[in-house]
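Undergrad: The sequence shown lines up with residues 513 to 944 when you count with the working numbering.
This is the structure I have questions about; it appears just below.
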Amino acid sequence: MNEEEEPLKIRVSRLEGYLTRAYKYNKSSILFAVYLSEFQRVDVEKTLEKLLKEQGLEIVKVDAGKHKNLPDYLSSLNSKNIVFVVHNVEKGFPESLAYLNFKRETIAENHIKVVFWVTEEELTRISREAPDFFAFRNRVIEFMEVPLAEERRPGLVQFAMETEYKSLDEIRGSINLKEKLLSELSGDDEISGYLLGSLGILYDQIGSYRKAIEYYEKALAIAHEIGDRRGEGADLGNLGNAYSDLGQVEKAIEYYEKALAIAHEIGDRRGEGTHLGNLGLAYSHLGHVEKAMDYYEKALTISQEIGDRRGEGNHLGNLGNAYSDLGHVEKAIEYYEKALTISHEIGDRRGEGNRLNNLGVAFKNTKNYMEALACFLRAKDIRTDIKDPNLKTTVANIKELKEKLGEKEFENLETEVPPKAGEIVKALLKKK
Numbered sequence: 513m514n515e516e517e518e519p520l521k522i523r524v525s526r527l528e529g530y531l532t533r534a535y536k537y538n539k540s541s542i543l544f545a546v547y548l549s550e551f552q553r554v555d556v557e558k559t560l561e562k563l564l565k566e567q568g569l570e571i572v573k574v575d576a577g578k579h580k581n582l583p584d585y586l587s588s589l590n591s592k593n594i595v596f597v598v599h600n601v602e603k604g605f606p607e608s609l610a611y612l613n614f615k616r617e618t619i620a621e622n623h624i625k626v627v628f629w630v631t632e633e634e635l636t637r638i639s640r641e642a643p644d645f646f647a648f649r650n651r652v653i654e655f656m657e658v659p660l661a662e663e664r665r666p667g668l669v670q671f672a673m674e675t676e677y678k679s680l681d682e683i684r685g686s687i688n689l690k691e692k693l694l695s696e697l698s699g700d701d702e703i704s705g706y707l708l709g710s711l712g713i714l715y716d717q718i719g720s721y722r723k724a725i726e727y728y729e730k731a732l733a734i735a736h737e738i739g740d741r742r743g744e745g746a747d748l749g750n751l752g753n754a755y756s757d758l759g760q761v762e763k764a765i766e767y768y769e770k771a772l773a774i775a776h777e778i779g780d781r782r783g784e785g786t787h788l789g790n791l792g793l794a795y796s797h798l799g800h801v802e803k804a805m806d807y808y809e810k811a812l813t814i815s816q817e818i819g820d821r822r823g824e825g826n827h828l829g830n831l832g833n834a835y836s837d838l839g840h841v842e843k844a845i846e847y848y849e850k851a852l853t854i855s856h857e858i859g860d861r862r863g864e865g866n867r868l869n870n871l872g873v874a875f876k877n878t879k880n881y882m883e884a885l886a887c888f889l890r891a892k893d894i895r896t897d898i899k900d901p902n903l904k905t906t907v908a909n910i911k912e913l914k915e916k917l918g919e920k921e922f923e924n925l926e927t928e929v930p931p932k933a934g935e936i937v938k939a940l941l942k943k944k
């Protein structure tokens with residue numbers, strides 16, 4: 513039986529077997545997985561990750577376009593239970609080929625276990641331009657099938673709608689993958705619409721608002737064409753977000769109101785809460801704080817009724833901002849603490865960083881400087897860890913606190929607070 517005839521499950525199992533044997537005997541393993549379809553690659557990788565996890569092994573994904581000196585980079589992260597999976601191989605060419613060829617022994621000496629996802633063309637180029645490294649390979653396994661539409665659809669729908677990622681690198685990796693999947697899709701407008709909308713959200717998250725709008729408009733056109741009212745409402749709301757981020761708040765309000773009308777019409781309570789919250793933010797930006805609070809309160813009520821914890825945390829945080837804008841800082845702190853607790857409980861690290869930063873500002877304004885610095889330091893740690901672009905805001909807040917207190921008093925605080933910061937924040941979480 514040749515490899516093309518061998519069942520997919522057996523080939524994935526063989527891939528896992530080579531890696532687990534290398535792990536057991538503390539040896540290197542250089543494997544090439546040749547693929548044609550991005551859909552197939554995603555499915556194989558998910559299955560492989562599950563199999564390896566059962567053996568105590570962890571997959572670490574590496575973008576070859578960002579780390580061209582792969583032997584040294586893999587060595588710096590390597591440990592016995594890590595399996596590296598390398599993507600975007602062609603983006604590292606030609607520099608990565610030279611590094612692989614001349615530093616090939618580094619991979620063997622450090623017992624590195626690595627799978628390179630490659631197309632046939634990329635494999636051919638590696639064999640020609642890095643022949644000494646290619647000779648070190650253990651196996652080449654082919655995954656050249658293109659899954660049928662009905663086979664790939666369920667998993668793809670779920671993946672298309674994913675927009676929550678922990679770091680900037682994860683967001684960019686998802687953008688890259690979803691754009692590849694989009695180019696491979698044909699004849700399934702619903703999934704294309706989901707992917708387009710998801711890409712819009714991801715571009716919005718990294719600050720590429722014009723690009724986000726392009727994707728939202730395409731998604732909206734598809735949703736309208738196929739009669740997907742829920743999708744239409746979501747895309748209108750997302751367009752509102754992008755225009756708000758661009759400072760075009762009045763235009764954003766127009767989109768939010770259209771989205772709210774659709775959500776109300778189809779009984780989409782979660783969507784209704786989201787759009788009400790966004791309208792609150794928009795009116796807040798225009799300086800209509802009390803009107804904004806009316807929208808936040810309505811949105812909060814819906815989130816609590818339907819058990820939308822993330823939405824509840826967001827609306828509580830926004831009410832905290834509104835009370836702060838009105839000068840009711842103590843009231844703002846109450847809302848921030850409630851929002852922080854929810855973000856912490858549901859694992860929303862971005863939200864947790866936001867709440868801690870806002871609490872830091874509020875504590876600074878009420879002259880509770882120890883609590884302020886503790887919140888800023890914890891927010892800084894979280895935002896650094898997830899590569900949140902808002903990190904610069906927290907750093908600026910710490911600098912402002914230092915300027916407010918003066919060099920000597922801040923130094924004393926800086927010595928006293930870090931060992932206590934964890935306990936201070938834990939105390940805030942206990943306040944319901």
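Cβ atoms here follow ideal geometry from the backbone N, Cα and C, with glycine treated the same way.
Bear in mind that the values here come from a model prediction, so they are computed numbers and not experimental data.
Report the residue from 816, 757, 873 whose alpha carbon sits nearest the alpha carbon of residue 723.
TA: Your numbering for residue 723 matches position 211 in the sequence shown. Among 816, 757, 873, the Cα nearest to that of residue 723 is on 757.
Undergrad: Whose C-alpha, out of 795, 633, 651, is nearest the C-alpha of residue 605?
TA: In the sequence shown, counting from the first residue as 1, residue 605 sits at position 93. Checked all of 795, 633, 651; the closest Cα to residue 605 is 633.
Undergrad: Please go through the same chain and pick out, in chain order, the residues whose beta-carbon is closer than 6 Å to the beta-carbon of residue 869, but skip the five residues on each side of it.
TA: By one-based count along the sequence shown, residue 869 stands at place 357. Hits under 6 Å: 891, 906.
Undergrad: Looking at the strands, I want to know which residues DSSP matches up with residue 543.
TA: Stepping through the sequence shown from its first residue, residue 543 is reached at position 31. The partner list for residue 543 (beta bridge, DSSP) reads 627, 651.
Undergrad: Taking DSSP's pairing of strands, which residues face residue 573 in a bridge?
TA: Position 61 of the sequence shown holds residue 573. Answer is 597.
Undergrad: Mind the definition here: the stretch 576–587 touches the stretch 606–613 only if three or more C-beta pairs lie below 8 Å; say whether that holds.
TA: The stretch 576–587 vs the stretch 606–613: in contact.
Undergrad: Hey, residue 625 and residue 540: beta-carbon distance below 8 Å or not?
TA: The sequence position of residue 625 within the sequence shown is 113, counting from 1. The sequence position of residue 540 within the sequence shown is 28, counting from 1. In contact: residue 625 and residue 540 (Cβ atoms closer than 8 Å).
Undergrad: My assumption, with CB atoms under 8 Å, is that residue 787 sits in contact with residue 808. Please give the rounded CB distance.
TA: Position 275 of the sequence shown holds residue 787. Position 296 of the sequence shown holds residue 808. Going by Cβ atoms, the distance from residue 787 to residue 808 rounds to 12 Å, so no, they are not a contact pair.
Undergrad: CA-CA distance, residue 576 and residue 601?
TA: As a position in the sequence shown, residue 576 is number 64, starting the count at 1. As a position in the sequence shown, residue 601 is number 89, starting the count at 1. Going by the C-alpha atoms only, they are around 5 Å apart.
Undergrad: What are the uninterrupted segments assigned as beta strand (DSSP E) that are 3 or more residues long and contained completely in the stretch 745–772, given in chain order?
TA: For the stretch 745–772, not a single whole beta strand (DSSP E) run of length 3 or above is found.
Undergrad: Give every residue of the same chain whose Cβ lies closer than 7 Å to the Cβ of residue 561, excluding the five residues on either side of it in the sequence, and list them in chain order.
TA: Working through the sequence shown from its first residue, we reach residue 561 at position 49. Counting only Cβ-Cβ distances below 7 Å, and skipping sequence neighbours, we find 571.
Undergrad: In chain order, which continuous runs of the alpha helix (DSSP H) of length 4 or greater are located wholly inside the stretch 815–843?
TA: Complete alpha helix (DSSP H) runs here, min 4: 821–837.
Undergrad: Am I right that residue 929 and residue 889 are in contact with their C-beta atoms under 8 Å? What's the rounded C-beta distance?
TA: As a first step, residue 929 must be located in the sequence shown, where it is residue number 417. As a first step, residue 889 must be located in the sequence shown, where it is residue number 377. Yes, they are in contact, since the Cβ atoms of residue 929 and residue 889 sit about 7 Å apart, within 8 Å.
Undergrad: Looking at the unbroken alpha helix (DSSP H) that takes in residue 882, where does it start and where does it end?
TA: By 1-based counting over the sequence shown, the position of residue 882 is 370. First-last of the alpha helix (DSSP H) with residue 882: 881–897.
Undergrad: Would you say residue 761 and residue 794 are within 8 Å of each other, going by their C-beta atoms?
TA: Reading the sequence shown from its first residue, position 249 is the one you call residue 761. Reading the sequence shown from its first residue, position 282 is the one you call residue 794. Yes. Within cutoff.
Undergrad: From residue 574 to residue 933, what does the alpha carbon distance come to, in whole angstroms?
TA: The count along the sequence shown starts at 1 and reaches residue 574 at position 62. The count along the sequence shown starts at 1 and reaches residue 933 at position 421. Spanning the two alpha carbons is a distance of roughly 34 Å.
Undergrad: Excluding the 5 residues flanking residue 521 on each side, which residues of the same chain have their C-beta closer than 6 Å to its C-beta?
TA: Numbered from 1 along the sequence shown, position 9 holds the residue referred to as residue 521. Correct list: empty, nothing qualifies.
Undergrad: I want to know whether the stretch 795–802 touches the stretch 767–781 - three or more CB-CB distances under 8 Å.
TA: They do not touch, by the three-pair rule.
Undergrad: Identify, in the order they occur along the chain, each residue of the same chain with its Cβ nearer than 6 Å to the Cβ of residue 754, setting aside the five sequence neighbours on each side.
TA: Walking along the sequence shown from the start, residue 754 turns up at place 242. Once the five neighbours on either side are set aside, the close Cβ partners of residue 754 are 716, 721, 724, 725.
Undergrad: CA-CA distance, residue 547 and residue 599?
TA: The count along the sequence shown starts at 1 and reaches residue 547 at position 35. The count along the sequence shown starts at 1 and reaches residue 599 at position 87. Approximately 12 Å between the Cα atoms of the pair.
Undergrad: Where does residue 636 land, buried or exposed, given buried means 16+ other C-beta within 10 angstroms?
TA: As a first step, residue 636 is located in the sequence shown; it is residue number 124 there, counting from the start. It is exposed - the Cβ of residue 636 has fewer than 16 other Cβ atoms within 10 Å.
Undergrad: Quick one: Cα of residue 878 to Cα of residue 685, how far?
TA: The residue given as residue 878 occupies position 366 in the sequence shown. The residue given as residue 685 occupies position 173 in the sequence shown. So the two alpha carbons sit approximately 42 Å from each other.
Undergrad: Use the C-beta contact count for residue 707: other C-beta atoms within 10 angstroms, 16 or more gives buried, fewer gives exposed.
TA: Counting from one through the sequence shown, the residue named residue 707 turns up at place 195. So residue 707 ends up on the buried side.
Undergrad: Short check: CB of residue 856 to CB of residue 864, under 8 Å?
TA: Here residue 856 refers to the residue found at position 344 of the sequence shown. Here residue 864 refers to the residue found at position 352 of the sequence shown. Result yes, Cβ atoms of residue 856 and residue 864 sit closer than 8 Å.
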